[in-house]
Amino acid sequence: MDTAKHNRTIIDQFSLQAVPFAELPAHSQEESTECVLRMADVAGAARVLDVACGPGLVACEAARYADEVVGIDITPAMIEQARKRQQDRGLANVVWKEGDVLPLPFGTGGFDCVLTRYSFHHFPDPAAVFGEMLRVCRPGGTVCVVDVFTRSPDQSERFNAMEKLRDPSHVRALSLRELTGMFETAGMCNVATDFYKVTVELEAQLASSFPNPGDADRIRDVFREDVTTGRLGVESREQDGQIHYSYPIAVIAGRKRSAPK
1 MDTAKHNRTI IDQFSLQAVP FAELPAHSQE ESTECVLRMA DVAGAARVLD VACGPGLVAC
61 EAARYADEVV GIDITPAMIE QARKRQQDRG LANVVWKEGD VLPLPFGTGG FDCVLTRYSF
121 HHFPDPAAVF GEMLRVCRPG GTVCVVDVFT RSPDQSERFN AMEKLRDPSH VRALSLRELT
181 GMFETAGMCN VATDFYKVTV ELEAQLASSF PNPGDADRIR DVFREDVTTG RLGVESREQD
241 GQIHYSYPIA VIAGRKRSAP K
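Here my numbering is used: the first residue of the sequence shown is 1, the next is one more, and so on.
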């Protein structure tokens, strides 16, 4: 994959999505956000890094507990929304950085907690990003990855095809085994996994997305079929004439070992 071209696609998509992404209620559910902060042990961290922070939804919540939070994102419009959220909440302990996450522009071992939410499915090389997250985390600190996941090759193929139509910057949702395998391969300790769902209404989701011309109707057709077949793995159902579905989300966290395994 042409990384520079893909990064431009991300910037193009999320420049358009910045405001609707920040305002979509499903992205600010208190229960799911608290789950992420708990699993990441943000309350026990002095310095937190939010990788691909988007409009600062998690970073600004983390700032309630940590001494300092740093958020990095490649899309200027997302950083603009993050600064607005910070200002609205009167937070003085959050710093934003515009830039790529591969490599992360930070020194080794400088953060107590390194987390990312809803980003790995956009990365051509998520394992490399995970390696960078691990590098900038101090020994004994926590790394936490939160993302949608797939359950089988068939479901993965169908789900990723649909998401690629909805959001051209989508690369691939990893399987749960792939996600947890990163933590195991890195030799992390105290690895734990939790789950929640993000439920959306199809038309509201399409309104906050920017698929290519004609693809919205293709997506609607996919979901109409999925209400009957359930092959996307997102619990598609019709309620009061509207299609609702739920993204399965995994929250995986582990501690970086203080010494080599």
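Where is the CB? At the ideal position from N, CA and C, for every residue including glycine.
For methionine 39 versus cysteine 144, is the C-beta distance shorter than 8 Å?
Cβ atoms of methionine 39 and cysteine 144: closer than 8 Å.
Taking only the alpha-carbon atoms, compute the straight-line gap between valine 101 and glycine 109 and give it to the nearest angstrom.
16 Å
By DSSP, does glutamine 87 sit in helix, in strand, or in coil?
helix
Nearest to glycine 233 by CA position, among Val171, Val114, Glu157, Val36, is which residue?
Glu157
Measuring CB atoms only, is the segment 110-128 touching the segment 51-60, in the sense that at least three cross pairs come out at less than 8 Å?
yes
Taking only runs of the beta strand (DSSP E) that begin and end inside the segment 32-80, which ones reach a length of at least 3 residues, in chain order?
47-51, 68-73
Enumerated in chain order, which unbroken segments of the alpha helix (DSSP H) with a length of 4 residues or greater are wholly contained in the segment 178-233?
Qualifying alpha helix (DSSP H) stretches, in chain order: 202-207, 215-229.
Out of curiosity, what's the CA-to-CA distance linking lysine 261 and arginine 151?
Reliability of the predicted coordinates at lysine 261 is poor, the pLDDT of 46 falling under 50, and the value obtained from them is presented with this limitation in mind. If I take the Cα positions, the gap works out to 30 Å.
Reduced DSSP category for aspartate 112 - H, G, I as helix; E, B as strand; rest coil
Of the three classes helix, strand and coil, the one that applies to aspartate 112 here is strand, per DSSP.
Beta-carbon gap between tyrosine 118 and aspartate 147 smaller than 8 Å
Result yes, Cβ atoms of tyrosine 118 and aspartate 147 sit closer than 8 Å.
If the criterion is Cβ atoms closer than 8 Å, does the pair glycine 71 and valine 94 meet it?
yes
From Phe183, Asp217, Glu184, Phe159, residue whose alpha carbon lies closest to that of serine 246:
Phe159
Can we say the segment 85-93 touches the segment 31-48, given the rule of at least three CB pairs closer than 8 Å?
no
Can you say whether glycine 241 is buried or exposed, counting buried as having 16 or more other CB atoms within 10 angstroms of its CB?
exposed
Only counting the same chain, and skipping five residues up and downstream in sequence, which positions put a Cβ closer than 8 Å to that of arginine 138?
Gly109, Gly110, Phe111, Asp112, Lys256
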